[in-house]
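Heads up: the structure comes next, in structure tokens.
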Amino acid sequence: MTRRDPLREIEELFERMDRELEKIGSGLDLPTDSSVAVDVIDGDETVTVIADLPGFAEEEISVELRDETLTVGATPSGEGDAAGEDASGVSDTDDAGDEERYRLRERRRGSVSRRIPLPAAVEPDAASATYDAGVLTVTLPKRSAADESGHRIDVN
1 MTRRDPLREI
11 EELFERMDRE
21 LEKIGSGLDL
31 PTDSSVAVDV
41 IDGDETVTVI
51 ADLPGFAEEE
61 ISVELRDETL
71 TVGATPSGEG
81 DAAGEDASGV
91 SDTDDAGDEE
101 RYRLRERRRG
111 SVSRRIPLPA
121 AVEPDAASAT
131 YDAGVLTVTL
141 PKRSAADESG
151 HRIDVN
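Going by full-length UniProt numbering, the sequence shown opens with residue 1, and the numbers climb by one from there.
So this is what it looks like as structure tokens:
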């Protein structure tokens with residue numbers, strides 16, 4: 001008998017809704033500023049998540065693993081992306097003095113995040129992450145079959 005996890009079902013629903021909204025947005029050629037494009041590779045011994053985070057510094061990126069869900073996010077150091085911009089991303093203030101003014105701003109400047117449900121149980125203590133040329137790679141070793149049988153907790 002399989003136990004239902006209502007919170008996980010809700011998270012999966014939000015992920016599906018997010019994917020559908022991304023499709024609609026890409027069909028209209030609108031940027032989806034709050035999402036991160038990812039690939040999830042389910043290997044024999046590891047789960048690898050590759051995320052595109054161009055324009056961020058390593059210290060601006062956060063990676064968290066909780067309940068078999070990986071959360072990847074990034075926040076620019078000078079987070080002030082909403083000030084002085086209308087919905088099209090055009091700035092009404094001078095960002096670089098009196099001589100320059102943005103007339104069009106399509107490059108992502110704000111915070112981004114993505115929650116990724118993992119396809120297998122992983123060993124959190126053995127996880128590793130690298131960031132190179134705007135691409136974050138998170139490697140998560142899978143738990144062995146012995147680990148999935150449970151963990152004994154001594155009672156005092």
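We put the beta carbon where it would ideally sit given N, CA and C, even for glycine. Computed from a prediction, not measured in an experiment: that's the story for all the values here.
Beta strand (DSSP E) segment containing residue i, residue limits
i, result
"Asp132", "128–132"
"Gly73", "69–74"
"Thr2", "Looking at the DSSP string, Thr2 is not in any beta strand (DSSP E), and its letter there is neither H nor E."
"Leu65", "61–66"
"Asp42", "38–42"
Cβ-based neighbour list, residue i, same chain, cut-off 8 angstroms, excluding 5 preceding and 5 following
i, result
"Arg107", "Gly55"
"Arg4", "none"
"Glu60", "Ala74, Thr75, Pro76, Ser77"
"Glu12", "Pro117"
"Asp42", "Pro119, Ala120"
Same chain only: Cβ atoms within 6 angstroms of residue i, ignoring 5 sequence neighbours per side
i, result
"Ser111", "Thr75"
"Ala129", "Val63, Val138"
"Arg143", "Ala121, Glu123"
For residue i, the residue or residues it bridges with in DSSP
i, result
"Arg115", "Thr71"
"Asp52", "Val135"
"Leu104", "Note: Leu104 sits in no beta bridge, so no partner."
Own chain partners of residue i with C-beta closer than 7 angstroms, once the 5 adjacent residues on each side are dropped
i, result
"Ala18", "A quick correction: the sequence has Asp, not Ala, at residue 18. Cβ within range, chain order: Ser35."
Beta-carbon proximity check, residue i vs residue j, cutoff 9 angstroms
i, j, result
"Val122", "Leu65", "yes"
"Thr69", "Leu118", "yes"
"Val47", "Val40", "yes"
"Asp131", "Glu58", "Correcting the residue identity first, residue 131 is Tyr in this sequence and not Asp. Yes, the pair counts as a contact, with Cβ atoms nearer than the cut-off."
Option nearest residue i by Cα separation, candidates the options
i, options, result
"Gly134", "Ala51, Arg105, Glu12", "Ala51"
"Arg8", "Asp67, Ile61, Arg103", "Asp67"
"Ala126", "Arg109, Tyr102, Leu140", "Leu140"
"Arg114", "Pro6, Asp42, Glu45, Val49", "Val49"
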